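Shown next, in structure tokens, is the structure this report addresses.
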DNA sequence: ACTTTCTATGATCATTTATGATTAAAATGC
DNA sequence: GCATTTTAATCATAAATGATCATAGAAAGT
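Protein chains in written order, with this note's numbering: chain A, 1 to 270; chain B, 1001 to 1270.
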């Protein structure tokens, strides 16, 4: 133990790429220069990172920088490595806080969403005694491993490219359901409502919200002000949003006027 | 327990690994360096730990560290995995033959059973174009990976210790369903009927049999003459049994008198 | 009790991978 | 057209990895 290396604050490549993705998602466009300064590596390294990320289809390379890919191609298959990079820390933080809202012997809906997945993971880890309902195959499998969890799967057709179920019989099932809490993941949050990209999915989320005594929307910061066509449900009093970064003041004011609570989950630092 | 170990600072490997998993779940990523400092073991040991954890599928290894795996591919309970190994060759043979009964654009029910799982695997492998219905989470996840498969999940409560769904809304759903073929796994085959160990499961199988134009029962040889309390369905004409070893002459005669076809699947030799 | 195995660990080293510097080519702006 | 910036390619260096080996401690057999 003679030598002493100062590099305790070293960042591994995967982490750096994850930060790059987040920065691009945050700003829409970013230059190679700025990235280099922000994450403190050389230009060639940034270029290599961007090339690697672009290959997985999340971003689009352009001269001098990179942009978010506007057309989220239907057939792009992000390899596990890169898929895991997208806002992993934020999702974990949101999920952790969400799970802390649960008590034993409650009934809970887990919507199909990667953020909600984290909440489910925490719930299993905390050995909570729950009656859980989900329309997501991965979450179902996860919850199945919790010995103290009574699991119901809504049923329906599988949405291509994801693990979520929609349509019958799940839709009717949800309409006759009453639970204590619903964790709902969403694609876009406007001043007054939650929206999603397809009608069927929006319907599912609407019924989930209606079935629950308390609705908790889990969404990372990128969802505020995003665009999506189909209205899932309007915000109502007693709704809560758990997120990692606050929305714009305009959205915030509007939501708070509606009685919606916005809670920030503390994200682990690098 | 005469001796008492004083080394409280020493933790056993399992503890250390679970601590590593915890840390990764907390932060999303972690470097090998940081882990080494945190848990006070050498870098090679950390690498070995990470490799071992990664093999179990919880985390994903990357250069310099590891990340949480969001897309939990096929991570099933170890006890299930060992169960799946029982009579593996026989099940594979039965599944192979069963899958060869399928044609493109058919609708098929896949019952919850490890033998049927093999049939589903073959169907996916053959890139068949199917509308598939299942009440099993593992089969659902498997079929979800088939790009040409339109998947419906019946929904219901999870049976503890397995991955099959029973009860509502799946039961009602199945009653309103009509499909070309149903692959049904069963616990016991008598001279005249198929039986199972629980009433709910028997009901599900009955509805599945009723929904199908053609019923194909998949069962390894041990199921003939086995005992189970609840009658799922009587054999009818045009039912088929695919198995690996023939039943006793008595059972065979009785089944053939009912018009049931018994097909032997050729088991691969070592 | 003693010895033998076996596993876990740490150290060493060759190999692979990531990074930063350099430079020529390409793209952009004027 | 030219000047400037950005890029891709190459190379040398540094870091991380996997493999192998030796040792220490635990578990098991005698």
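Backbone N, C-alpha and C fix where the C-beta goes; we use that ideal spot for every residue, glycine too. Small disclaimer: the values here were computed from a predicted structure and weren't measured.
Euclidean distance between Cα positions of residue i and residue j
{"i": "residue 1234 of chain B", "j": "residue 1258 of chain B", "result": "10 angstroms"}
{"i": "residue 179 of chain A", "j": "residue 215 of chain A", "result": "10 angstroms"}
{"i": "residue 220 of chain A", "j": "residue 1062 of chain B", "result": "25 angstroms"}
{"i": "residue 1075 of chain B", "j": "residue 249 of chain A", "result": "Per-residue confidence for residue 1075 of chain B stands at a pLDDT of 40, beneath the threshold of 50, marking its modelled position as unreliable; no derived number is given."}
{"i": "residue 1073 of chain B", "j": "residue 1165 of chain B", "result": "At residue 1073 of chain B, the pLDDT of 40 sits below 50, so the modelled position is not reliable; the number obtained from the coordinates is stated separately. Going by the C-alpha atoms only, they are around 20 angstroms apart."}
{"i": "residue 1236 of chain B", "j": "residue 98 of chain A", "result": "52 angstroms"}
{"i": "residue 1077 of chain B", "j": "residue 127 of chain A", "result": "Confidence is the limiting factor: at residue 1077 of chain B the pLDDT is only 42, short of 50, which leaves the residue's position unreliable, though a coordinate-based value still follows. Each residue's Cα considered, the two are about 17 angstroms apart."}
{"i": "residue 254 of chain A", "j": "residue 194 of chain A", "result": "13 angstroms"}
{"i": "residue 80 of chain A", "j": "residue 1040 of chain B", "result": "Residue placement at residue 80 of chain A is flagged as unreliable, the pLDDT there being 44, under the threshold of 50; the coordinate-derived value follows with that caveat. Each residue's Cα considered, the two are about 30 angstroms apart."}
{"i": "residue 1105 of chain B", "j": "residue 168 of chain A", "result": "21 angstroms"}
{"i": "residue 229 of chain A", "j": "residue 203 of chain A", "result": "12 angstroms"}
{"i": "residue 1071 of chain B", "j": "residue 137 of chain A", "result": "Low confidence applies here, because residue 1071 of chain B scores a pLDDT of 45, under 50, leaving its location unreliable; read the following figure in that light. Cα-Cα distance, rounded: 11 angstroms."}
{"i": "residue 1082 of chain B", "j": "residue 224 of chain A", "result": "Annotation note: pLDDT 47 at residue 1082 of chain B (below 50); position unreliable, coordinate value reported separately. Rounded to whole angstroms, residue 1082 of chain B to residue 224 of chain A spans 46 angstroms at the Cα level."}
{"i": "residue 141 of chain A", "j": "residue 243 of chain A", "result": "25 angstroms"}
{"i": "residue 1091 of chain B", "j": "residue 53 of chain A", "result": "42 angstroms"}
{"i": "residue 11 of chain A", "j": "residue 42 of chain A", "result": "14 angstroms"}
{"i": "residue 13 of chain A", "j": "residue 49 of chain A", "result": "9 angstroms"}
{"i": "residue 1241 of chain B", "j": "residue 15 of chain A", "result": "54 angstroms"}
{"i": "residue 1120 of chain B", "j": "residue 1095 of chain B", "result": "7 angstroms"}
{"i": "residue 247 of chain A", "j": "residue 93 of chain A", "result": "17 angstroms"}
{"i": "residue 1051 of chain B", "j": "residue 1103 of chain B", "result": "42 angstroms"}
{"i": "residue 118 of chain A", "j": "residue 263 of chain A", "result": "17 angstroms"}
{"i": "residue 1100 of chain B", "j": "residue 1114 of chain B", "result": "17 angstroms"}
{"i": "residue 110 of chain A", "j": "residue 1260 of chain B", "result": "44 angstroms"}
{"i": "residue 160 of chain A", "j": "residue 1147 of chain B", "result": "8 angstroms"}
{"i": "residue 1279 of chain B", "j": "residue 1033 of chain B", "result": "Given a span of 1001 to 1270 for chain B in the structure shown, any question on residue 1279 of chain B remains unanswerable."}
{"i": "residue 6 of chain A", "j": "residue 1026 of chain B", "result": "Annotation note: pLDDT 34 at residue 6 of chain A (below 50); position unreliable, no value reported."}
{"i": "residue 256 of chain A", "j": "residue 1056 of chain B", "result": "45 angstroms"}
{"i": "residue 135 of chain A", "j": "residue 201 of chain A", "result": "10 angstroms"}
Contacts of residue i in chain A (Cβ-Cβ under 9 angstroms)
{"i": "residue 1063 of chain B", "result": "12, 13, 14"}
{"i": "residue 1044 of chain B", "result": "Near residue 1044 of chain B there are no residues of chain A at all, since even the closest Cβ is about 16 angstroms away, more than 9 angstroms."}
Contact under 8 angstroms by Cβ, residue i with residue j
{"i": "residue 187 of chain A", "j": "residue 197 of chain A", "result": "yes"}
{"i": "residue 1024 of chain B", "j": "residue 1046 of chain B", "result": "no"}
{"i": "residue 1156 of chain B", "j": "residue 155 of chain A", "result": "yes"}
{"i": "residue 130 of chain A", "j": "residue 116 of chain A", "result": "no"}
{"i": "residue 949 of chain B", "j": "residue 1162 of chain B", "result": "Any property of residue 949 of chain B remains undetermined from this structure, which presents chain B solely from 1001 to 1270."}
{"i": "residue 1152 of chain B", "j": "residue 1124 of chain B", "result": "no"}
{"i": "residue 181 of chain A", "j": "residue 213 of chain A", "result": "yes"}
{"i": "residue 321 of chain A", "j": "residue 31 of chain A", "result": "In the structure as shown, chain A begins at 1 and stops at 270. Residue 321 of chain A is therefore absent and cannot be evaluated."}
{"i": "residue 267 of chain A", "j": "residue 89 of chain A", "result": "yes"}
{"i": "residue 1035 of chain B", "j": "residue 1020 of chain B", "result": "yes"}
{"i": "residue 144 of chain A", "j": "residue 1068 of chain B", "result": "no"}
{"i": "residue 1232 of chain B", "j": "residue 1205 of chain B", "result": "yes"}
{"i": "residue 1184 of chain B", "j": "residue 1209 of chain B", "result": "yes"}
Element boundaries [beta strand (DSSP E), containing residue i]
{"i": "residue 29 of chain A", "result": "29 to 31"}
{"i": "residue 1214 of chain B", "result": "1212 to 1218"}
{"i": "residue 95 of chain A", "result": "Note, residue 95 of chain A: premise wrong, no beta strand (DSSP E); alpha helix (DSSP H) at 88 to 99."}
{"i": "residue 232 of chain A", "result": "230 to 234"}
{"i": "residue 151 of chain A", "result": "149 to 153"}
{"i": "residue 242 of chain A", "result": "240 to 243"}
{"i": "residue 1184 of chain B", "result": "1179 to 1185"}
{"i": "residue 262 of chain A", "result": "261 to 264"}
{"i": "residue 1059 of chain B", "result": "1059 to 1062"}
Proximal residues of chain B, C-beta to C-beta of residue i below 7 angstroms
{"i": "residue 165 of chain A", "result": "1153"}
{"i": "residue 247 of chain A", "result": "In chain order: nothing, as chain B lies at least about 23 angstroms away."}
{"i": "residue 140 of chain A", "result": "1137"}
First through last residue of the alpha helix (DSSP H) which encompasses residue i
{"i": "residue 173 of chain A", "result": "170 to 175"}
{"i": "residue 1050 of chain B", "result": "1043 to 1055"}
{"i": "residue 108 of chain A", "result": "No alpha helix (DSSP H) contains residue 108 of chain A, which is instead part of the beta strand (DSSP E) from 106 to 110."}
{"i": "residue 1267 of chain B", "result": "Per DSSP, residue 1267 of chain B belongs to no alpha helix (DSSP H) and is neither H nor E."}
{"i": "residue 114 of chain A", "result": "114 to 125"}
Closer than 8 angstroms at the beta carbon, the chain B residues around residue i
{"i": "residue 88 of chain A", "result": "1028, 1029, 1067, 1068, 1070"}
{"i": "residue 173 of chain A", "result": "1155, 1168, 1169"}
Residue i: contacting residues in chain B (beta-carbon distance under 9 angstroms)
{"i": "residue 92 of chain A", "result": "1025, 1026, 1027, 1028, 1068"}
Residues that residue i contacts on chain A, provided the C-beta gap is smaller than 7 angstroms
{"i": "residue 1144 of chain B", "result": "137, 158, 163"}
Legend entry - At least 3 beta-carbon pairs within less than 8 angstroms: the region 190 to 205 of chain A vs the region 1173 to 1184 of chain B: no
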